[in-house]
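According to the UniProt record's numbering, the sequence shown is numbered sequentially starting from 1.
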Amino acid sequence: MSISDEKVAIISTPCQIQAAAKIQKFLDTPIKLKIGLFCMENFSYSYFKEHLKKYNIDYDSIKKFRIEKGHAFITLDDDSITKIPLGELKSVVRKNCHICMDLTSQNADISVGSIGSDDNYSTVIIRNLDAQHIIDDAIKQNYFTSKPLTQKQIGILNKLSQKKKHDNQENIEDHELRSKPVLYTREISDNEILSQNMESNFTDLKDNVIDVGACVLCGACEYLCPDNLIIIDDTKPRKQGKCRDDCHMCFTFCPRTYTPEDLKVDCDDMGNYLNIMTLKSNDNYITQDGGVITTLIKYLLDHDIITKAMVVDKKDDNAWKPYAKLTDDMDEIIKSAGSKYSVCPVFKALGED
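So, in structure tokens, the structure goes:
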């Protein structure tokens with residue numbers, strides 16, 4: 001089966017979901033379903049690795065990462081746990097995270113995270129009718145146990161969403177005083193966006209996004225370049241060769257360039273949604289946040305709603321180094337479960353299949 005015939009579920013952070021939503025809006029794409037993660041911020045792989053040396057921790061010895069209640073909890077192979085205050089890790093947060101206004105992946109079909117939910121449950125935000133049908137049927141078929149969120153739990157999620165927006169709005173204002181405008185927050189019409197996009201190419205992407213630290217390293221530019229001129233290394237996209245005069249793909253579909261009106265993150269604190277609940281997997285997956293995403297992928301594959309999932313695994317020969325892949329193998333999906341807290345160009349997987 002060619003990639004164009006696949007039906008893919010993408011599981012990604014808010015910024016990567018933004019790129020996927022742009023791609024879905026304007027292009028024929030194998031992306032069938034967007035499962036968005038709650039995300040406050042992400043860490044630089046190399047800087048975080050260096051920081052852990054303070055605790056005599058090597059990536060090779062880490063079994064599991066978990067972030068909750070203001071701390072990073074790192075479980076080692078000997079089952080000992082090191083607790084690090086998140087405030088201490090601000091120096092290893094990726095620069096682009098400081099201008100992100102979206103905690104809950106507002107442009108996803110289904111958003112999932114641990115904030116607000118009880119132990120062994122995940123908070124699930126259902127954002128459209130297709131997603132509602134999927135979750136309702138999965139509960140009916142006993143893939144999940146569900147229960148409602150209390151108003152107090154919803155309040156916790158709203159409070160953190162507001163905090164991220166407030167803090168990062170200040171960062172955006174400071175960024176714009178020192179550097180260039182943050183394009184994805186610009187209030188311009190869709191017609192103006194089209195006009196700007198048609199005049200822009202990789203040079204403009206480099207000037208307005210990459211060189212000012214706004215690149216999220218999602219890989220959309222590399223995936224969509226028709227001449228394969230864009231290469232992403234560990235730090236940022238680079239171009240090798242001359243662009244076509246009539247190509248604007250990389251600029252148009254970057255999540256940090258202009259955002260169409262219907263994809264703007266400027267509505268309620270958690271975005272538009274139909275329903276919000278907590279779910280727990282009824283299968284015996286030992287994964288983060290109740291195994292909900294792993295079990296949801298299993299349901300989607302079992303019912304032929306998708307043919308493959310785009311998941312982020314960690315490299316065997318480079319401990320905790322994340323990379324994206326397409327798979328329909330549940331053993332691989334289970335192996336990839338759990339948060340990595342470092343980014344990788346997820347759309348690369350669509351171009352490699």
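Glycine included, every Cβ here is placed at the ideal spot set by N, Cα and C.
Nonlocal neighbours in the same chain, by C-beta distance under 7 angstroms from residue i, ignoring five residues either side
i: G219; result: I232, P345, V346, F347, K348
i: L301; result: D328
Beta-carbon proximity list for residue i, same chain, < 8 angstroms, skipping 5 on both sides
i: K63; result: T75, L76, D77, D79
i: E261; result: S189, D190
i: L160; result: M40, L103, I115
i: D207; result: K180
i: I81; result: F73, I74, T75
i: N197; result: H248, F251, T252, T257, Y258
i: K236; result: I210, C215, L217
Sub-8 angstroms separation of residue i and residue j beta-carbons
i: Y273; j: R127; result: yes
i: V216; j: N107; result: no
i: L263; j: A21; result: yes
i: C225; j: C254; result: no
i: D60; j: A319; result: yes
i: K32; j: I306; result: yes
i: T257; j: V209; result: yes
i: I139; j: I35; result: no
C-alpha distance - residue i paired with residue j, whole-angstrom precision
i: D329; j: I10; result: 15 angstroms
i: I293; j: E352; result: 23 angstroms
i: I172; j: I99; result: 5 angstroms
i: F26; j: S200; result: 17 angstroms
i: D245; j: I333; result: 41 angstroms
i: L350; j: I3; result: 7 angstroms
i: D269; j: N158; result: 6 angstroms
i: I23; j: K7; result: 14 angstroms
i: F251; j: I57; result: 39 angstroms
i: S117; j: S146; result: 11 angstroms
i: K53; j: E68; result: 22 angstroms
i: T123; j: T278; result: 4 angstroms
i: T13; j: K242; result: 31 angstroms
i: I230; j: E192; result: 26 angstroms
i: G70; j: G87; result: 8 angstroms
i: G291; j: S195; result: 44 angstroms
i: L326; j: S336; result: 11 angstroms
Presumed contact (8 angstroms Cβ cut-off) between residue i and residue j, rounded CB distance
i: L37; j: G113; result: 6 angstroms
i: Y299; j: Y143; result: 5 angstroms
Cutoff 6 angstroms; reference residue i; Cβ partners in own chain excluding five residues on either side
i: I135; result: I126
i: T259; result: Y184
i: T295; result: Y143, S281, D283
i: H51; result: V92
Chain C contact for residue i (CB, 8 angstroms cutoff)
i: I81; result: The structure shown contains no chain C; it holds only a single protein chain.
Are there three or more Cβ pairs, one per stretch, closer than 8 angstroms when the region 95-112 is compared with the region 159-176? Proximity of the region 95-112 to the region 159-176 meets the contact definition, three or more beta-carbon pairs being nearer than 8 angstroms.
On the three-pair Cβ rule with 8 angstroms, is the region 301-317 touching the region 335-343? Segments in contact, yes.
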